[in-house]
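2 protein chains.
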Amino acid sequence: MNTIIISIGDELILGQTIDTNAAWLSRQLSSLGITVRKHITVGDDIDAIVGQLRRTGGISFALNNEAGDSRGSNNAADVVLVTGGLGPTDDDLTRHALAKVLETKLKLHQPSLDRIEQFFVRLNKPMSQTNRIQAMIPCGCDVLENNVGTAPGIAARIGKTSVFFLPGVPAEMKAMFDESVKDKLRQIVSAGGDKKVYAYRTLHIYGTGESNIAEILGDMMGRGRNPVVNSTAAHSIVSIRIISRGPDEEAAGALIEPVERELRRRLGDFVFGCDEDTLPSVVGGLLRRGDMTVAVAESCTGGLLAKELTDISGSSGYFKAGWVTYSNNAKIDFLRVNPATIESFGAVSEQVASDLAAGARQLAGADYGLGITGIAGPTGGTEEKPVGLVYIGLADEDGVKVARNVFPGSRDRVRRRAVNTAMDMLRLKLL
Amino acid sequence: MNTIIISIGDELILGQTIDTNAAWLSRQLSSLGITVRKHITVGDDIDAIVGQLRRTGGISFALNNEAGDSRGSNNAADVVLVTGGLGPTDDDLTRHALAKVLETKLKLHQPSLDRIEQFFVRLNKPMSQTNRIQAMIPCGCDVLENNVGTAPGIAARIGKTSVFFLPGVPAEMKAMFDESVKDKLRQIVSAGGDKKVYAYRTLHIYGTGESNIAEILGDMMGRGRNPVVNSTAAHSIVSIRIISRGPDEEAAGALIEPVERELRRRLGDFVFGCDEDTLPSVVGGLLRRGDMTVAVAESCTGGLLAKELTDISGSSGYFKAGWVTYSNNAKIDFLRVNPATIESFGAVSEQVASDLAAGARQLAGADYGLGITGIAGPTGGTEEKPVGLVYIGLADEDGVKVARNVFPGSRDRVRRRAVNTAMDMLRLKLL
Chain L
-14 MNTIIISIGD ELILGQTIDT NAAWLSRQLS SLGITVRKHI TVGDDIDAIV
36 GQLRRTGGIS FALNNEAGDS RGSNNAADVV LVTGGLGPTD DDLTRHALAK
86 VLETKLKLHQ PSLDRIEQFF VRLNKPMSQT NRIQAMIPCG CDVLENNVGT
136 APGIAARIGK TSVFFLPGVP AEMKAMFDES VKDKLRQIVS AGGDKKVYAY
186 RTLHIYGTGE SNIAEILGDM MGRGRNPVVN STAAHSIVSI RIISRGPDEE
236 AAGALIEPVE RELRRRLGDF VFGCDEDTLP SVVGGLLRRG DMTVAVAESC
286 TGGLLAKELT DISGSSGYFK AGWVTYSNNA KIDFLRVNPA TIESFGAVSE
336 QVASDLAAGA RQLAGADYGL GITGIAGPTG GTEEKPVGLV YIGLADEDGV
386 KVARNVFPGS RDRVRRRAVN TAMDMLRLKL L
Chain W
-14 MNTIIISIGD ELILGQTIDT NAAWLSRQLS SLGITVRKHI TVGDDIDAIV
36 GQLRRTGGIS FALNNEAGDS RGSNNAADVV LVTGGLGPTD DDLTRHALAK
86 VLETKLKLHQ PSLDRIEQFF VRLNKPMSQT NRIQAMIPCG CDVLENNVGT
136 APGIAARIGK TSVFFLPGVP AEMKAMFDES VKDKLRQIVS AGGDKKVYAY
186 RTLHIYGTGE SNIAEILGDM MGRGRNPVVN STAAHSIVSI RIISRGPDEE
236 AAGALIEPVE RELRRRLGDF VFGCDEDTLP SVVGGLLRRG DMTVAVAESC
286 TGGLLAKELT DISGSSGYFK AGWVTYSNNA KIDFLRVNPA TIESFGAVSE
336 QVASDLAAGA RQLAGADYGL GITGIAGPTG GTEEKPVGLV YIGLADEDGV
386 KVARNVFPGS RDRVRRRAVN TAMDMLRLKL L
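Respectively, the protein sequence lines represent chains L and W.
Per this note's numbering, the first sequence starts with residue -14, numbered consecutively.
Per this note's numbering, the second sequence starts with residue -14, numbered consecutively.
Laid out in structure tokens, this is it:
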């Protein structure tokens, strides 16, 4: 099945925004057994959009002879997903371009206008008249409901090509794809017949680097295998993907299982979760299962640890309280850190991390306390205490254990790594 | 000048990696006065790469009639930048595809092989024989030196089109572009004569939506103007870009200024900053200038407000302390919220937001206190108190002001909007 993703927006073509939609859609399509052939990005230019839609829809005369492509004489795509250009402003031209390609007019779709009006009622804001254009749909097209924002999507046929137009705002695009496009694509795939389905499993690893993992896995990561095994890293979380191909979901899925088992055997407790799991969700699950609670006191991470732990709906069940004690006074006043300890060892020290962890645990009446103090940078480092130095304390009923880390990179990276390391310490303790 | 960027890689087409190269190159080209017309991404497929190179190089017969495009009969690009597929493995097919397009053979380029060998000597690692292929260059092409990694780049002419092949690894691609491609492009631009340089300014807006802004700006956002004015939105922050074209940097820059002034006049205090400014940096700057301090108490945002405020290096100067009082007990124990208040009005109420703000301010001895309580969802909503309901209190010496909001969207979106709204309340107070 010949599938193309088109992204529309001057901000993309000028490089001001990085296109994450095309990659996200590609992953969704892969899991439906659809391999995308091409991503194409064009600006907010009506001629460029019209030209691209005609070409991918196979309705331009040249398209039938478009050389340099091995797909035979008719090069029309079977499915095209388009994102962007459905907003309310004058540079949102997708619906106009589609009407031009279909040689039809835009027509008010009353149910969409009603939905947009209700959207603003819920927000308790007046609807601007410019939003009305978002309810204008080319005649003969179907509407895809938007349950997140104002712009409805559009399903159209250009020649023999099924084209789905989605908003460019990632949250709206994703929700619309899941709710309105996925099932339609499944039907198209089933009807098509020449199916090769991909199955995926991703294992998430903390505590060791990509090159060490490559050494541990060695032969398993070779190319051309089925499943393919590869890895990516972000903020010291390494994600190992297993990708298998098969004639159907069951066959593809069956190939995953032995490889996953072997990976887990080799990597042991480094593996903290799979697929949608995150450190906060895994730690949250372990706390809930053990009926345990946690409290945190953060200096250099400034609330990020609390934020991550409370990203999970239902975290009120195990997250007792958090303190952001950025200043020495806050550490002393609210976490009962001894001023003499700060005086003797400095605010960034094993002792203060220990006091923060123990203080948070005790004050909140939690089973575990985490305390973080460090130098996130970019300034404030010394030879003895460099930027990136972070002490993390974990308190439980037996006392406090403190880990000393020096994290490389920017302020943001240091803070993220510190938070991930703190969550992983708690995870390993809970195992 | 008709310019196209082509990215090559299965990891891109499968969505496993997000393409940041195309956006980076687009920005570099813009600053040289070159507008990119299209980004195209294809997989590690020799036919797809060959087809794409032929088409953009204008050497396929159909290309001269490629309909649906308004650029006249010969649609060959003037300049094409290609990234990816120059690695040493079997799925790196770019050089093979280029040789096929040029109907020539690959030939060993001894200086490149020497460089690759030296690269491994410096790393103190043996060179794999597979790296040898990276020194194979199609006859008649020029080599672009790689001072960061092993893969040399290639400069070629396909028909009348100048094509530059760069590695896909971002650090290698960027260095090679800066060292070997930029000057060549400058020459092409000068030779072309129609040189146009772009200047940019972005204004960031909080407190009103894209459609209302479009109404306020109306005529200013029309297409084909110079400067062009357009907008994007993320988490209710709207960014308005002003993009001007001129014969040189000074002329382009001069066009920005009157438009920026008019935008600021029309939008007033909705404009919170420009270019690299963020809400935390602007609020931080205002606090620092006024020698003021802030403390925060957060329920549903779980530490995100404290995290954002402390994203700024030097925020210890104005950020006194933060509390994450996720549970009722934490609100009562640590922020002195009256249990009777929670009993009467509920934890998500104007009264509790007010108590949290006042408590944080008083306990920390800060000039301002921010308190947030709400229902981030996805569960926990009722008819009276729906998901997305968030009360935000701002305390100062005169008392507390509380704003009631209902934010749409996911848990993450509700939390981000609540934090942005809280920071904007403080910003408006500080103005």
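Beta carbons are placed, not taken as given, at the ideal position from N, Cα and C, and that holds for glycine.
Spatial distance of residue i from residue j (CA atoms)
i	j	result
I122 of chain L	R251 of chain W	32 Å
R398 of chain L	D340 of chain L	25 Å
L248 of chain L	K414 of chain W	55 Å
D30 of chain L	H24 of chain W	14 Å
K316 of chain W	T364 of chain W	21 Å
G394 of chain L	I222 of chain L	15 Å
A84 of chain L	G69 of chain L	16 Å
L(-1) of chain L	Q347 of chain L	53 Å
M206 of chain W	N215 of chain W	6 Å
L416 of chain L	F104 of chain W	44 Å
F255 of chain L	I190 of chain L	5 Å
D383 of chain L	Y303 of chain L	20 Å
V213 of chain L	D260 of chain L	16 Å
A407 of chain W	S298 of chain L	22 Å
G28 of chain L	G(-6) of chain L	5 Å
L289 of chain L	T367 of chain W	29 Å
C124 of chain L	E88 of chain L	10 Å
R400 of chain W	I377 of chain W	12 Å
D76 of chain W	R142 of chain W	24 Å
V268 of chain W	Q1 of chain L	24 Å
Whole-angstrom C-beta distance between residue j and residue i, which should lie under 8 Å
i	j	result
Y353 of chain L	L271 of chain L	The pair is not a contact, with the Cβ atoms about 11 Å apart (cut-off 8 Å).
A82 of chain W	I34 of chain W	4 Å
T286 of chain W	V372 of chain W	Contact flag wrong, Cβ pair sits at about 14 Å.
L151 of chain W	V86 of chain W	With a Cβ gap of about 17 Å, L151 of chain W and V86 of chain W do not count as contacting.
V64 of chain W	I173 of chain W	6 Å
I227 of chain W	R186 of chain W	5 Å
F283 of chain L	I225 of chain L	According to the sequence shown, residue 283 of chain L is Glu rather than Phe. So it is not a contact: roughly 30 Å between Cβ atoms.
Chain-order list of residues whose beta-carbon lies under 7 Å from that of residue i (same chain, five-residue window excluded)
i	result
R230 of chain L	K181, Y183, N211 and A237
P324 of chain W	I317
R56 of chain L	Because R56 of chain L carries a pLDDT of 37, less than 50, the predicted location of this residue cannot be relied on, and no value is offered for it.
D4 of chain W	S(-8), L(-3) and T26
N132 of chain W	A160 and E164
Classification of residue i by the beta-carbon crowding that lies within 10 angstroms, buried from 16 upward
i	result
T295 of chain L	buried
N109 of chain L	exposed
D99 of chain L	exposed
L93 of chain L	exposed
E51 of chain W	Because E51 of chain W carries a pLDDT of 40, less than 50, the predicted location of this residue cannot be relied on, and the following value inherits that uncertainty. Answer is buried; the Cβ neighbour count reaches 16.
G72 of chain L	buried
K145 of chain W	exposed
T79 of chain W	buried
D168 of chain W	exposed
S148 of chain W	The residue asked about is misnamed: residue 148 of chain W is Val in this sequence, not Ser. Buried, because 16 or more other Cβ atoms sit within 10 Å of the Cβ of V148 of chain W.
A380 of chain W	buried
V106 of chain W	exposed
S175 of chain W	exposed
Own chain residues within Cβ distance below 6 Å of residue i, not counting five before or after
i	result
E102 of chain L	M112
S165 of chain L	L129
I201 of chain L	R251
G307 of chain W	V281 and A291
A351 of chain W	T278, V279, A280 and K305
Same chain, Cβ closer than 8 Å to residue i, five either side skipped, listed in chain order
i	result
G194 of chain L	A218, S221 and V223
S329 of chain W	Q336
T115 of chain W	P73 and T74
K370 of chain L	G331, V333 and I360
E157 of chain W	N131, V133, G134, A136 and L151
G153 of chain L	S(-8), I(-7), G(-6), N6, T68, G69, G70, L71 and G72
K90 of chain L	A84, P123 and C124
Quiz item: Given 8 Å as the limit, is there contact between the stretch 374 to 393 of chain L and the stretch 302 to 318 of chain L, that is, 3 or more CB pairs closer than that?
Solution: no
Practice problem: Could you tell me whether the stretch 257 to 267 of chain W touches the stretch 332 to 347 of chain W, where touching means 3 or more Cβ pairs closer than 8 Å? | Solution: no
Quiz item: Using 8 Å as the threshold, is the stretch 272 to 283 of chain L in touch with the stretch 273 to 285 of chain W, meaning 3 or more CB pairs across them?
Solution: Two segments are said to touch when three or more pairs of C-beta atoms, one from each, lie closer than 8 Å; by this definition the stretch 272 to 283 of chain L does not touch the stretch 273 to 285 of chain W.
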